[in-house]
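In what follows, a structure is listed as C-alpha cells, so that the remarks can point back to it.
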Amino acid sequence: MVSEIRLYSESEFQEKAQQYSAVLFSRGVQVSMVQVEKLNARFLRLNPELALCVDGSGLWLCASGMKMQPDWVAEVPRLKRASLKSELIARACNLSEKPVLVDATAGLGHDSLLMACLGASVTLVERHPVLFTLLEDSLNRAKEDAYLSQVTASIQLVFSDSAEYLKQLNDQNQTVDVVYLDPMFPQRDQNQQAVKKQAQVKKQMQLLHMLLPEDGEMDLGDALLPLAKQIAKRVVVKRPRLAVFLNNESTTYQWSGDACRFDAYFQPGL
Ligand SMILES: C[S@@+](CC[C@H](N)C(=O)[O-])C[C@H]1O[C@@H](n2cnc3c(N)ncnc32)[C@H](O)[C@@H]1O
Numbered sequence: 007m008v009s010e011i012r013l014y015s016e017s018e019f020q021e022k023a024q025q026y027s028a029v030l031f032s033r034g035v036q037v038s039m040v041q042v043e044k045l046n047a048r049f050l051r052l053n054p055e056l057a058l059c060v061d062g063s064g065l066w067l068c069a070s071g072m073k074m075q076p077d078w079v080a081e082v083p084r085l086k087r088a089s090l091k092s093e094l095i096a097r098a099c100n101l102s103e104k105p106v107l108v109d110a111t112a113g114l115g116h117d118s119l120l121m122a123c124l125g126a127s128v129t130l131v132e133r134h135p136v137l138f139t140l141l142e143d144s145l146n147r148a149k150e151d152a153y154l155s156q157v158t159a160s161i162q163l164v165f166s167d168s169a170e171y172l173k174q175l176n177d178q179n180q181t182v183d184v185v186y187l188d189p190m191f192p193q194r195d196q197n198q199q200a201v202k203k204q205a206q207v208k209k210q211m212q213l214l215h216m217l218l219p220e221d222g223e224m225d226l227g228d229a230l231l232p233l234a235k236q237i238a239k240r241v242v243v244k245r246p247r248l249a250v251f252l253n254n255e256s257t258t259y260q261w262s263g264d265a266c267r268f269d270a271y272f273q274p275g276l
C-alpha cells in the first residue's frame, strides 16, 4: 500500500495542497509537496510516475500523463437515466426495498452512488488512504451539487479495512440488509475473457490498478464473503462475467450483463 507519494500543485493551490497533505499524513501517507509552475498536460506527460495533484477541482490521482478523480458530479447524466428496472445492480441488491447497505469495497464509489440514488442507505468502506481521501473529496463536492446533495444524505464513508468493520458489526450483533462486494480482479489468469475486458479498462480503472498493484499484495477479497454472510441478509458480489466465484463459493442466484455479473448469497436466518 502507498505510504509515500508526491503531491503537485501550482502556487495558488499551495494552501489547499497543505490541507490534503495533513489529512493524508493523519492516514499514514507521507506526502512530498512539489510546487510547479504549470500543472498542465505537458507536465503530466513529462512526470509519468504515480502521484497526486491539486487544482481548482480538488485532489486528483495522476500517472502516465493521465489524471483521475472519483468525479461523482460527472456521473449525474448517467444517474438521471438509471432506474430500478434498467439496472441489474438494482435487482441484485433489491433496491426497491430501500435497503441498508454496506459497500465493503468502495473504490471510486460509483456503484454506491448509483445505489444511493436508487434508494439505498449506503455505508462505503475503503481501506486505502489515498482512495479514501479522493472519495471524501468527491463526497464534499457532491454536497454542493443541486442534484446530488439530497443523495449524499444517504451516504456515509468509513475509513477502515472491511474485514475489521464487518467483524465489529458482528460482535455488536448488528445486521444489515445487503453487503455489496466488488473486490479487485487480477488482469492476468483466471480466464482469458476477463483479460480481454481488462485490457480495455477505462482510464479510471487503469490508474486504480496502478495504485493497487496486483503483484504480491493484491487482496482478492475472498475472506470478506464469509464475514459478510454473518451480518447481511443478502450478500451481492460483482464479478467479471466469466470469472470464478468469490471464495470459490457457488450460487445459482445470478444477474448477468455483457461485461459483469452479480452473484447473490441469501441468509434466510438473519
Ligand atoms: C474494484 S474497486 C471497487 C470499485 C467500486 N465498486 C466502484 O464503483 O468504484 C475495489 C476497492 O475495494 C477496496 N478494498 C479491497 N479490499 C478491501 C477491504 N478489505 N477493506 C476495504 N476496502 C477494500 C480496494 O482498495 C479498492 O478500492
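Using this note's numbering, the first residue of the sequence shown is number 7, and each one after it goes up by one.
C-beta atoms are modelled at their ideal positions from N, C-alpha and C, and glycine is treated no differently.
Could you tell me which of the options sits nearest to residue i, measuring between CA atoms?
i      : options                           : result
Leu187 : Gln180, Asp167 and Thr158         : Asp167
Pro105 : Thr181, Leu13 and Asp228          : Thr181
Ser70  : Met216, Trp261 and Leu141         : Met216
Asn254 : Lys239, Pro274 and Leu226         : Leu226
Tyr38  : Lys44, Arg48, Leu58 and Leu45     : Checking the sequence shown, residue 38 turns out to be Ser, not Tyr. When each option's Cα is compared against that of Ser38, the closest is Leu58.
Ile237 : Thr257, Gln156, Gln273 and Leu140 : Gln273
Pro83  : Ala169, Glu18 and Cys123          : Cys123
Ala265 : Gln24, Leu67 and Arg247           : Arg247
Leu30  : Ser9, Ala234 and Thr129           : Ser9
Val128 : Val40, Ser160 and Asp151          : Ser160
Asp109 : Pro135, Leu94 and Ala169          : Ala169
Glu142 : Gln75, Leu94, Leu276 and Tyr153   : Gln75
His134 : Gln24, Ala126, Glu81 and Phe165   : Phe165
Asn176 : Ser17, Lys235 and Phe251          : Lys235
Ile95  : Lys244, Ser27 and Asn46           : Lys244
Leu140 : Tyr171, Trp66 and Ala88           : Trp66
Asn179 : Ser256, Asp77 and Leu276          : Leu276
Asp228 : Phe251, Lys239 and Gln210         : Phe251
Tyr171 : Lys44, Glu132 and Pro192          : Glu132
Gln210 : Leu45, Gly263 and Asp77           : Asp77
Glu43  : Gly34, Thr257, Pro54 and Ser17    : Ser17
Lys239 : Asp151, Ser256 and Glu103         : Glu103
I'd like to know whether the C-beta atoms of residue i and residue j end up nearer to each other than 9 Å.
i      : j      : result
Ser15  : Lys22  : yes
Leu13  : Thr111 : no
Leu137 : Leu114 : yes
Cys99  : Val157 : no
Leu213 : Met72  : yes
Leu233 : Lys149 : no
Tyr153 : Leu85  : yes
Ile11  : Gln36  : yes
Contact defined as beta carbons within less than 8 Å: I believe residue i pairs with residue j. What is the distance between those atoms, to the nearest angstrom?
i      : j      : result
Leu163 : Met190 : Leu163 to Met190, Cβ: 19 Å. No contact.
Phe268 : Val241 : So it is not a contact: roughly 11 Å between Cβ atoms.
Gly64  : Arg147 : 6 Å
Tyr259 : Ala270 : 4 Å
Val277 : Phe19  : Examination of residue 277 is not possible in this model, given that the chain is present from 7 through 276 alone.
Leu52  : Cys68  : So it is not a contact: roughly 12 Å between Cβ atoms.
Leu130 : Ser144 : Actually they do not touch by this definition, with Cβ atoms about 11 Å apart.
Leu107 : Leu90  : Their Cβ separation, rounded to whole angstroms, is 14 Å, which puts Leu107 and Leu90 out of contact at 8 Å.
His116 : Glu81  : 6 Å
Trp261 : Arg48  : The Cβ separation is near 45 Å, so there is no contact.
Quick one: is the Cβ of residue i within less than 8 Å of any heavy atom of ligand 3?
i      : result
Glu132 : This structure does not include ligand 3; its bound ligands are ligand 1.
* Asked: Could you give the uninterrupted runs of the beta strand (DSSP E) lying entirely in the segment 209 to 256, keeping only those of 3 residues or more?
  -> 238 to 246
* Asked: Could you give the uninterrupted runs of the beta strand (DSSP E) lying entirely in the segment 95 to 133, keeping only those of 3 residues or more?
  -> List check, beta strand (DSSP E) in window: 106 to 109 and 127 to 132.
* Uninterrupted alpha helix (DSSP H) stretches inside the segment 152 to 183 (no shorter than 4 residues) -> 154 to 158 and 168 to 177
* **Whole runs of the beta strand (DSSP E) within the segment 46 to 83, excluding any shorter than 3 residues** => 57 to 61, 64 to 69 and 72 to 74
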